[in-house]
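Residue numbers (the numbering used here): -7 to 352. The C-beta atom is built at its ideal place from N, Cα and C for all residues, glycine as well. Let me begin by presenting the structure, written as structure tokens, before commenting on it.
Structure follows, in structure tokens:
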């Protein structure tokens, strides 16, 4: 009891400090989780200009920092080795080198697998580009450490002023993918699905098959789908968006965006099968299936109506009526299935005590 009291007071003080001011949402003090071992995974690809700055800002309560070099072509690995040598015996940093570039998801999976092997209680993930505020780590780790959630992720979209801070094309693309991910994953309270700033419990890593997670930019979406299949609780934590105008994104949107949409579509049906057919049957899967059939029928009828109008200049009333009925059926069945899914996953929603950066 005497050991837990200082820890509880420390966490309470931090929460009070965070709630007291919206002007400076990042905590100025650090939570010490005495009974938990905590690791941070930092995936890197050509981050020689940023990695040292990221490392020096990792909070002291973190027990280990696992850097995964995803076959960088610059001096990232050499710089990390030099930093490890400077820290000497007190070094908590581990460098893992991948021989081939596998994408951001592959690097994260490599790091999570290593942390699971080392048996850390909580593992956080933050990028090596310096666009994630390490001072906000306690607010991601907190819900997991306190047993309120099994997985916590950052949400940049709801931070006040996010529209001005985030490039508009990224904001809109992220918002669209977030809506698709809500449907695919069943976590309707979660936004900013592409955020790689997260904290995950050891129980989650022991349960899901990390080798089946998407190795590209869709790993965050894929993780949410897998979490829902096993009924893990997810916290959506507001974090400050950090973007550098001079920094060029490594993501080729015209290639990644269609692939992400296809992956999310496939994972949606995989979740329907695993969670609502194999694990425990729920009729909502029938509503989704019926909505899909009605939608396909409506699409086929629409093509036929357009062809008839072009060929003959008129549209048969019966065909038009059937198209309207199929369209309305698809919409109604789909919305009802979504509502059933929301109700089935209501208990998996974890809301932090105070939403970060929320405008008053």
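Original post:
Taking the beta strand (DSSP E) that residue 144 falls in, what are its first and last residues?
Top reply: 143 to 147
Subject >> residue 131 classed as buried or exposed, judged by whether at least 16 other C-beta atoms fall within 10 angstroms >> reply: buried
Subject >> Closest by C-alpha distance to residue 49, when choosing among 125, 89, 59 and 95 >> reply: 125
**OP:** Please report the residue range of the beta strand (DSSP E) in which residue 193 lies.
**Re:** Per DSSP, residue 193 belongs to the beta strand (DSSP E) from 190 to 193.
**OP:** Please classify residue 110: does DSSP put it in a helix, a strand, or coil?
**Re:** Three-state result, residue 110: coil.
Subject >> Proximity winner among 112, 101 and 150, relative to residue 209 (alpha-carbon distances) >> reply: 101
Original post:
What's the call for residue 13, buried or exposed, on a 16-neighbour Cβ count within 10 Å?
Top reply: Caution applies to residue 13, whose pLDDT of 33 falls short of 50 and renders its modelled position unreliable; the model cannot decide the point.
Original post:
Along the chain, where does the beta strand (DSSP E) that runs through residue 85 open and close?
Top reply: 85 to 89
Original post:
What are the partner residues of residue 81, as DSSP defines its beta bridges?
Top reply: Answer is none; residue 81 lacks a bridge partner.
**OP:** Report yes if the C-beta distance between residue 223 and residue 214 is below 8 Å; otherwise report no.
**Re:** no
Original post:
Can at least three beta-carbon pairs, one atom from the region 29 to 38 and one from the region 94 to 110, be found at a separation below 8 Å?
Top reply: yes
Subject >> Candidates 90, 179, 250 and 183, of which the one nearest residue 167 by Cα >> reply: 183
**OP:** Taking all protein chains shown into account, decide if residue 251 is buried (16 or more other Cβ within 10 angstroms of its Cβ) or exposed.
**Re:** exposed
Original post:
So what's residue 231 in DSSP terms, helix, strand or just coil?
Top reply: coil
Original post:
When burial is assigned at 16 or more other CB atoms within 10 Å of the CB, is residue 301 buried or exposed?
Top reply: exposed
**OP:** Within its chain, find whatever has a CB closer than 6 Å to the CB of residue 61; leave out the 5 residues flanking it on each side and keep chain order.
**Re:** Non-local beta-carbon contacts of residue 61 in its own chain, meaning distances under 6 Å to residues more than five positions away in sequence, involve 36, 68, 69 and 89 in chain order.
Original post:
Are the Cβ atoms of residue 163 and residue 172 separated by less than 8 Å?
Top reply: No, Cβ-Cβ distance for residue 163 and residue 172 is not below 8 Å.
**OP:** For my contact list, residue 229 and residue 116 are in at a C-beta cut-off of 8 Å; report their separation, rounded to the angstrom.
**Re:** So it is not a contact: roughly 11 Å between Cβ atoms.
**OP:** Buried or exposed for residue 258, please, with buried defined as at least 16 other CB atoms from any protein chain shown within 10 angstroms of its CB.
**Re:** Residue 258 comes out exposed.
Subject >> CB-CB length for residue 330 against residue 175, believed under 8 Å >> reply: Rounded, the Cβ-Cβ distance is 7 Å, consistent with contact.
**OP:** Would you kindly check if the distance between the Cβ of residue 28 and the Cβ of residue 56 is under 8 Å?
**Re:** no
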